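Undergrad: Pasting in a structure now, in structure tokens, and then I'll have a few things to ask.
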Amino acid sequence: MSQPESAVADAQAGGRSGEPLAKLAKRYGLRRAIARPRFPVYVRQLWERRHFILTYATSRNVSKYSNSTLGQLWQVLTPLLNAAIYFLMFGLILGGSKNIENYPAFLLTGMFIFTYTQRTVTAGAKSITGNLSMIRALHFPRASLPLAYTIQELQQLAISMSVLLVLVVATGEFPTWFWLMIPVVLLLQTMFNIGAGLVVARLGASMRDLNQLLPFITRTWLYASGVFFSIQAKVVGSAGLPQWVADLMYLNPAASFIEWMREILIKSHNPELGHHPPTMVWMSCVFWAVFALGFGFWYFWRAEERYGRG
Amino acid sequence: MAETKELQQVKGDKPAVPKDAKARPAAKSTGKAPLDVPTGTPTVIVDDLHIVYRVYGAASDSEKGNAVNALTRILKRQGRPQMKEVHAVKGVTFVAYHGDAIGIVGRNGSGKSTLLRAIAGLLPPHKGAVYTDGQPSLLGVNAALMRELTGERNIVLGCYAMGMTPAEVREKYQEIVDFSGIDEFVQLPMSTYSSGMGARLRFAISSAKTHDVLLIDEALATGDREFRKKSEERIRQIRESAGTVFLVAHDLRVIEETCNRVIWLHKGKIRMDGDPKEVIAAYNKG
Chain W
1 MSQPESAVAD AQAGGRSGEP LAKLAKRYGL RRAIARPRFP VYVRQLWERR HFILTYATSR
61 NVSKYSNSTL GQLWQVLTPL LNAAIYFLMF GLILGGSKNI ENYPAFLLTG MFIFTYTQRT
121 VTAGAKSITG NLSMIRALHF PRASLPLAYT IQELQQLAIS MSVLLVLVVA TGEFPTWFWL
181 MIPVVLLLQT MFNIGAGLVV ARLGASMRDL NQLLPFITRT WLYASGVFFS IQAKVVGSAG
241 LPQWVADLMY LNPAASFIEW MREILIKSHN PELGHHPPTM VWMSCVFWAV FALGFGFWYF
301 WRAEERYGRG
Chain U
1 MAETKELQQV KGDKPAVPKD AKARPAAKST GKAPLDVPTG TPTVIVDDLH IVYRVYGAAS
61 DSEKGNAVNA LTRILKRQGR PQMKEVHAVK GVTFVAYHGD AIGIVGRNGS GKSTLLRAIA
121 GLLPPHKGAV YTDGQPSLLG VNAALMRELT GERNIVLGCY AMGMTPAEVR EKYQEIVDFS
181 GIDEFVQLPM STYSSGMGAR LRFAISSAKT HDVLLIDEAL ATGDREFRKK SEERIRQIRE
241 SAGTVFLVAH DLRVIEETCN RVIWLHKGKI RMDGDPKEVI AAYNKG
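So the protein lines, in turn, are chains W and U. Following the UniProt record's numbering, the numbering of the first sequence begins with 1 at its first residue and continues without gaps. Following the UniProt record's numbering, the numbering of the second sequence begins with 1 at its first residue and continues without gaps.
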């Protein structure tokens with residue numbers, strides 16, 4: 001990068017012969033206009049902006065459907081239509097329902113849980129690049145944006161989750177006391193999603209091509225997470241691979257959350273465990289939630305002052 | 001690099017500082033003792049500031065959208081032609097003091113808005129630094145508002161975006177509606193507003209907050225004549241309550257009326273800095 005030589009002349013003309021300006025600034029207690037706050041301060045600033053984050057998320061959800069005739073009804077219709085297509089495709093045509101009892105509930109649970117993470121990641125990648133004009137005009141902790149996008153998806157999830165529960169009951173499952181664990185799983189998943197959203201937001205801000213790549217990444221993830229099939233049965237049973245391959249696949253965050261939710265909702269899913277998730281699965285969920293949230297905030301905060309550059 | 005060519009042209013332009021610098025002693029005596037100036041506390045110090053923008057999608061027709069071209073570029077390890085670097089501010093240095101109202105003039109693309117954004121701390125400097133007292137704020141919330149939403153929701157959203165608390169929002173809400181004069185239209189989506197109504201509401205929202213250092217970008221005072229008067233009055237009030245005001249406008253009359261110092265930016269550099277009358281006279285000649 002070449003620096004203009006005449007900048008020096010400019011600076012001198014600006015009256016810079018005496019005390020350096022940096023010193024002058026220090027003497028009067030002026031601070032750099034762009035400085036990254038320390039991490040605890042940053043988190044506090046973010047908390048102070050909670051009303052903005054919530055309002056922004058709600059506003060986006062309202063404006064999203066404002067042009068369609070059915071409006072907010074699409075929030076229910078979209079997951080329903082998705083469920084119907086996947087059931088037709090994987091349940092009936094490809095015959096994935098073999099060997100899995102209550103396949104509709106199995107598939108729908110996987111699909112709805114996966115969609116939540118997938119949508120958050122996809123939206124998060126655009127949260128900085130899609131709001132550059134706002135970033136260049138207003139002051140706020142930039143993490144507000146990916147956070148608002150995650151909350152927007154969480155609001156959608158509240159609706160699709162009720163759809164899921166109705167459908168699961170319709171397939172013959174009965175609500176049990178274990179359903180009280182549903183919010184816990186969703187909370188952990190939300191923590192993971194926030195972290196993942198923050199990470200892709202920073203990546204997306206510097207790598208524009210990420211938005212083009214993401215659909216392929218999420219699709220691969222979808223197939224690796226056992227949404228349409230049972231990982232255990234497919235990997236160890238049909239393919240004859242060693243057990244550790246299946247275990248590794250269960251450790252992927254999406255697969256862990258799906259597995260736990262299936263355990264809660266579907267009686268015939270690993271009946272010997274009786275609605276309790278395998279230790280490995282719930283530990284994986286907790287680990288990913290805590291790790292992603294912590295790492296995501298730290299990673300995003302590290303580039304805080306650079307987001308406006310585009 | 002694209003900017004070097006332009007630099008060659010600019011290099012000849014030596015910044016002209018007005019002869020009688022007494023008109024603005026503070027601007028000249030930064031190094032010595034600014035204390036002898038009555039309102040002599042510096043509030044904004046801009047030290048050899050350079051801003052470089054990265055612009056995407058600015059490729060010419062022949063270069064873009066062709067897969068073969070893209071592939072050969074990757075093979076030849078060339079950068080993307082769509083990504084250009086624009087050196088918008090090239091080494092700007094000045095000190096602003098408490099009570100200053102500084103007008104910034106210059107042609108389109110001379111880096112005025114970029115300079116304001118950098119002072120506001122919204123654009124990271126490529127080189128150099130901006131030091132400020134408190135948090136300078138740009139007057140404008142347009143980017144946070146959503147056309148599909150009602151005026152009502154937009155007022156709340158805009159106020160939160162500027163960092164207000166719920167109590168402040170409740171307190172200011174009616175004032176904003178009254179000032180904008182959009183009455184019952186506040187219940188309708190902003191996409192149904194006429195351009196004047198939209199501008200009025202945006203101005204009403206953005207001017208609802210008070211600031212230490214305020215940066216005003218041009219074309220704020222739009223709308224009909226009555227509203228123009230109202231908003232000019234509002235800007236004056238804001239100026240009085242704020243410590244230091246920067247004003248970017250193409251309307252030189254507004255600047256001459258409201259500012260006590262004018263900076264003329266030319267191709268990202270300070271061409272002249274001093275008394276409004278002199279600088280504007282020179283600017284009109286140039």
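Just so it is clear, CB atoms sit at the ideal spot from N, CA and C, and this is done for glycine as well. It should be emphasised that the depicted structure is a prediction, and the values quoted were computed from it without experimental measurement.
For the structure I just gave you, are there three or more beta carbon pairs, one from the stretch 155–162 of chain U and one from the stretch 140–147 of chain U, closer than 8 Å?
TA: Yes: the two stretches touch, three or more of their Cβ pairs being nearer than 8 Å.
Undergrad: Determine the direct distance from the alpha carbon of residue 228(W) to that of residue 135(W), and round the result to whole angstroms.
TA: One C-alpha to the other measures close to 40 Å.
Undergrad: Roughly how many angstroms separate the alpha carbons of residue 168(W) and residue 78(W), rounded to a whole number?
TA: Roughly 17 Å between the two C-alpha positions.
Undergrad: Compare the beta carbon distance of residue 289(W) and residue 191(W) with 8 Å and say whether it is the shorter of the two.
TA: Their beta carbons are under 8 Å apart, which means residue 289(W) touches residue 191(W) by this criterion.
Undergrad: Grab the span of the alpha helix (DSSP H) containing residue 273(U) for me, first residue to last.
TA: Here residue 273(U) belongs to no alpha helix (DSSP H); instead the beta strand (DSSP E) covers 269–274.
Undergrad: Let me know if residue 47(W) comes out buried or exposed under the rule of 16 or more other beta-carbons within 10 Å of its beta-carbon.
TA: Exposed, because fewer than 16 other Cβ atoms sit within 10 Å of the Cβ of residue 47(W).
Undergrad: List the residues of chain A that residue 141(U) touches, going by C-beta distances under 8 Å, in chain order.
TA: This model lacks chain A altogether; the protein chains it does include are W and U.
Undergrad: Compile a chain-ordered list of the residues in the stretch 49–63 of chain W whose CB is closer than 9 Å to at least one CB of chain U.
TA: Listed by position along the chain: 49, 51, 52, 53, 54, 55, 56, 58, 59, 60, 62, 63.
Undergrad: Apply the 10 Å Cβ neighbour rule to residue 133(U) and answer buried if 16 or more other Cβ atoms are within range, or exposed otherwise.
TA: Buried.
Undergrad: If you check the beta carbons only, do residue 215(U) and residue 116(U) fall under 8 Å apart?
TA: Contact flag set, yes.
Undergrad: How would you list, in chain order, the residues of chain U whose beta-carbon sits under 7 Å from the beta-carbon of residue 305(W)?
TA: What residue 305(W) touches in chain U: 124.
Undergrad: Suppose the cutoff is 6 Å on Cβ atoms and the five residues either side in sequence are ignored; what does the same chain contact list for residue 181(W) look like?
TA: Excluding sequence neighbours, residue 181(W) sits near 264.
Undergrad: Which residue marks the beginning of the beta strand (DSSP E) containing residue 84(U), and which one marks its end?
TA: 84–97 is the extent of the beta strand (DSSP E) around residue 84(U).
Undergrad: Leaving out five residues before and five after residue 125(W) in sequence, what residues of the same chain have Cβ atoms less than 6 Å from its Cβ?
TA: Excluding positions up to five away in sequence, the list reads 200, 204, 210, 211, 214.
Undergrad: Listing by chain order, which chain U residues have their CB less than 7 Å from the CB of residue 133(W)?
TA: Neighbours of residue 133(W) on chain U, chain order: 143.
Undergrad: Closer than 8 Å, CB to CB, is residue 100(U) near chain W or not?
TA: Not closer than 8 Å to any Cβ of chain W, the Cβ of residue 100(U) fails to qualify, so no.
Undergrad: Under the assumption that residue 96(U) contacts residue 22(W) (Cβ atoms under 8 Å), give the Cβ distance between them as a whole number of angstroms.
TA: That pair is no contact at about 16 Å.
Undergrad: In the structure shown, what three-state DSSP assignment does residue 146(W) receive?
TA: Helix, per DSSP.
Undergrad: In the DSSP assignment, find the unbroken beta strand (DSSP E) run with residue 129(U) in it and report its ends.
TA: From DSSP, the beta strand (DSSP E) with residue 129(U) extends over 127–132.
Undergrad: Going by other Cβ atoms of all chains shown within 10 Å of its Cβ, with 16 needed for buried, is residue 149(W) buried or exposed?
TA: Buried, since its Cβ has 16 or more Cβ neighbours within 10 Å.
Undergrad: Since residue 114(U) is in the alpha helix (DSSP H), which residue starts that stretch and which ends it?
TA: Unbroken alpha helix (DSSP H) run through residue 114(U): 112–119.
Undergrad: For residue 32(W), does the three-state DSSP call read helix, strand or coil?
TA: It is a strand residue.
Undergrad: Flag residue 146(U) as yes if its beta-carbon sits less than 8 Å from any beta-carbon of chain W, otherwise no.
TA: Yes - at least one Cβ of chain W is within 8 Å of the one on residue 146(U).
Undergrad: What does the Cβ neighbour count give for residue 109(U), buried or exposed, with the cut at 16 atoms within 10 Å?
TA: When all chains shown are included, residue 109(U) counts as exposed.
Undergrad: Just the Cα atoms here: how many angstroms apart are residue 272(U) and residue 117(W)?
TA: Their Cα atoms are separated by approximately 55 Å.
Undergrad: Is residue 115(W) buried or exposed, if buried means 16 or more other CB atoms sit within 10 Å of its CB?
TA: With 16 or more Cβ atoms within 10 Å of its Cβ, residue 115(W) is classed as buried.
Undergrad: Between the stretch 185–201 of chain U and the stretch 162–170 of chain U, do at least 3 Cβ pairs fall closer than 8 Å?
TA: With the cut-off at 8 Å, the stretch 185–201 of chain U and the stretch 162–170 of chain U do not touch.
Undergrad: Nearest CA to the CA of residue 304(W): which residue from 26(W), 25(W), 20(W), 45(W)?
TA: Of 26(W), 25(W), 20(W), 45(W), the residue nearest in Cα terms is 45(W).
Undergrad: Do residue 296(W) and residue 195(W) have their CB atoms nearer than 8 Å?
TA: Their beta carbons are under 8 Å apart, which means residue 296(W) touches residue 195(W) by this criterion.
Undergrad: Compare the Cα-Cα distances from residue 253(W) to each of 280(W), 230(W), 273(W) and report the closest residue.
TA: The residue with the shortest Cα to Cα distance from residue 253(W) is 280(W).
Undergrad: Tell me which same chain residues have a C-beta within less than 6 Å of the C-beta of residue 101(W), skipping the five on either side of it?
TA: The answer, listed in chain order, is 268.
Undergrad: Quick one: residues in its chain with C-beta nearer than 8 Å to the C-beta of residue 230(U), no 5 flanking neighbours on either side, listed in chain order?
TA: Excluding residues within five positions, the ones whose Cβ falls inside 8 Å are 179.
Undergrad: Report the residue from 251(W), 172(W), 32(W) whose alpha carbon sits nearest the alpha carbon of residue 287(W).
TA: Ranking 251(W), 172(W), 32(W) by Cα distance to residue 287(W) puts 251(W) first.
Undergrad: Under 6 Å Cβ to Cβ from residue 65(W), same chain only, skipping five residues before and after it: list those, please.
TA: If we look at residue 65(W) and ignore the five residues flanking it on each side, its Cβ neighbours are 71, 72, 74.
Undergrad: Does residue 193(U) have its Cβ less than 8 Å from a Cβ in chain W?
TA: It does not: the Cβ of residue 193(U) has no partner Cβ on chain W nearer than 8 Å.
Undergrad: At the level of alpha carbons, what is the spacing between residue 142(W) and residue 281(U)?
TA: Answer to the nearest angstrom: the Cα atoms are 42 Å apart.
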